[in-house]
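Below is one structure, written out as C-alpha cells; the observations come after it.
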Amino acid sequence: MDITEKPLTNLADTIHTALIGHRPDDYACYYKQLFNVFGAPGIPNTYEAVLKRYGRVIHRETFWRRKSAEKQCIAWKRLYDAVVLPPPQS
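The numbering used here puts the first residue of the sequence shown at 1, with every later residue one more than the last.
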C-alpha cells in the first residue's frame, strides 16, 4: 500500500469509491460554463470553478475566461491533491 493511500474504513466508502471513482473524503474539483435562465451562455461567457468535499461545495469562483477556471482547478489539485471531475450534466 502506498504511503499516501488511506485504508477504506467501511462498506459505504468502498461502494462510493467503486461507483464514483474517488473516496467521499477526497477533495474534488471541476469547472463549467454558466448559462442564463434562457439556456444561453452569458455575454461575456462566464465560467465557474468548484471545489467539493463530502459532496458539499467548499469554494466556488467565477471567471470570464475558461483558461482561468482551468488554472484554478489545477491550483486546487496541487494544493489539496483534488480529483478533477468532468462537469456535472444538467
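Note that the Cβ used here is the ideal one computed from N, Cα and C, for glycine as well.
What separation, rounded to the nearest whole angstrom, lies between the Cα atoms of residue i and residue j?
i, j, result
"A82", "Y31", "13 Å"
"K77", "V84", "7 Å"
"P41", "E61", "17 Å"
"G39", "L79", "34 Å"
"R65", "A28", "21 Å"
"I74", "T46", "18 Å"
"D26", "P88", "17 Å"
"I43", "L51", "24 Å"
In terms of residue numbering, what span does the beta strand (DSSP E) encompassing residue i cover?
i, result
"A82", "A82 -> no beta strand (DSSP E), and no H or E assigned at all."
With DSSP as the reference, identify every bridge partner of residue i, one or two as the case may be.
i, result
"L51", "C29 and H59"
"F35", "P41"
Just confirm the distance between the C-beta atoms of residue i and residue j, as a whole number of angstroms; I'd bet it's less than 8 Å.
i, j, result
"Q33", "A49", "Not quite, the Cβ-Cβ distance comes to about 11 Å (not below 8 Å), so this is no contact."
DSSP three-state call for residue i: helix, strand or coil?
i, result
"R65", "coil"
"Q72", "helix"
"M1", "Because the pLDDT of M1 is 42, which lies under 50, any placement of that residue in the model is unreliable, and the number read from its coordinates should be weighed accordingly. DSSP places M1 in coil when its eight states are reduced to three."
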